[in-house]
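Reviewing the structure listed below.
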Amino acid sequence: MISSMTGYGRAEGETSLGHLLVEIKSVNHRFLDSRVRLPRQISSLEPHLLSHLKNNIARGRVEVALTLAANSSSVPEPVLNLPLAQRYYEAAEKAADALALPGSIGLDFILRMPDVLQVSEPVADLDQIWEEIRSVVDQAVRALGEMRAREGKELADDFRRTLTALEEHRARLETSKDKVVSDFRDRFEARLKNLLSENGGLDPTRLHQEVAIFAERCDVSEELARLDSHLKQFEEILRVPEPVGRRLDFLLQEMFREINTIGSKANHLEVTQTVLQMKNLVERLREQAQNVE
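Adding 45 to a residue's 1-based position in the sequence shown gives its number in my numbering.
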């Protein structure tokens, strides 16, 4: 069953760093374009996350946001560099005396000096953290997949309705193809006779041969047969349990080509009207296929 590229997934879970919220949104795109937003504590895991998404999502513009409510064990610890603070204080006192500056040197001045107050990040086992995060990410990916599958089912139902309309038009052309050739032969022969009568005429046998050759050129039997095959392939692809968006794109190009050739060869009013309707239906399928994974 096909999947849509539009969806949303959300999951929450506990990790050794704290409570994690994962949100995934996806929209249609020709290829896979993943963008992730990670908390600073786990920003180094971005390559792991991107690789994991690539293994689970085939196509679409995907945005992933991870929000971490850190617990006490993962909160950074401020560390005072007391020797450095002492050096700054002594240097400031010396400068004040040398320049005869009034006032005293306060704590806020010392703490603003570079590297006096540093932040010590808790040492984490990134492999363990990644396993914990991946578990929550997988839940969000599954939720995304379920929503994409539901929308995919609606797309498939709409596809089938359009395919049914296309097949009805194709069957109508199949029924009328012999008459189209016959009408063309009669019109062409009449025009040719009229032309040749003004120029001395032509042997009747040769005339019929030439008319038959030109009439065959408007026969669309092969195009209708290929179009029938494409329609059946399209229906079969809708049941394939894997990403098929690109296959549908290619098949729709082939269908449009056959329909266009039918219109060009037949040169018949009723056929032209039917072909225009079929082109509109294929264009509708093309627009819908843009959202298939």
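For glycine and all other residues, C-beta sits at the position ideal for the given N, C-alpha and C.
Neighbour-count burial assignment, residue i, 16 or more Cβ in a 10 Å radius
i	result
Ser149	exposed
Lys222	buried
Val337	buried
Ala334	buried
Thr319	buried
Ala145	exposed
Ala201	buried
Nearest-angstrom beta carbon gap, residue j and residue i [assumed within contact, 8 Å]
i	j	result
Val186	Ile47	Actually they are not in contact, since the Cβ atoms of Val186 and Ile47 sit about 18 Å apart, beyond 8 Å.
Arg106	Ser71	7 Å
Ile174	Ser88	So it is not a contact: roughly 12 Å between Cβ atoms.
Arg329	Thr207	6 Å
Leu98	Ser79	5 Å
Glu268	Thr317	The pair is not a contact, with the Cβ atoms about 14 Å apart (cut-off 8 Å).
His214	Met323	5 Å
Leu297	Val327	6 Å
Arg271	Glu303	5 Å
DSSP three-state assignment for residue i, whether helix, strand or coil
i	result
Gln298	helix
Gln278	helix
Val124	strand
Asp78	strand
Ile69	strand
Thr306	helix
Arg292	helix
Arg217	helix
Val285	coil
Val327	helix
Arg157	coil
Val337	strand
Val181	helix
Ser96	helix
Cross-strand partners of residue i (DSSP beta bridge)
i	result
Glu59	His64
Tyr134	DSSP lists no partner for Tyr134.
Thr112	Leu66
Val164	Pro123
Gly151	Answer is none; Gly151 lacks a bridge partner.
Ser88	Its beta-bridge partners do not exist; DSSP assigns none.
Arg106	Val72 and Asp78
Contact check, residue i vs residue j, beta carbons under 7 Å
i	j	result
Pro123	Leu162	yes
Leu189	Gly58	no
Pro84	Leu125	no
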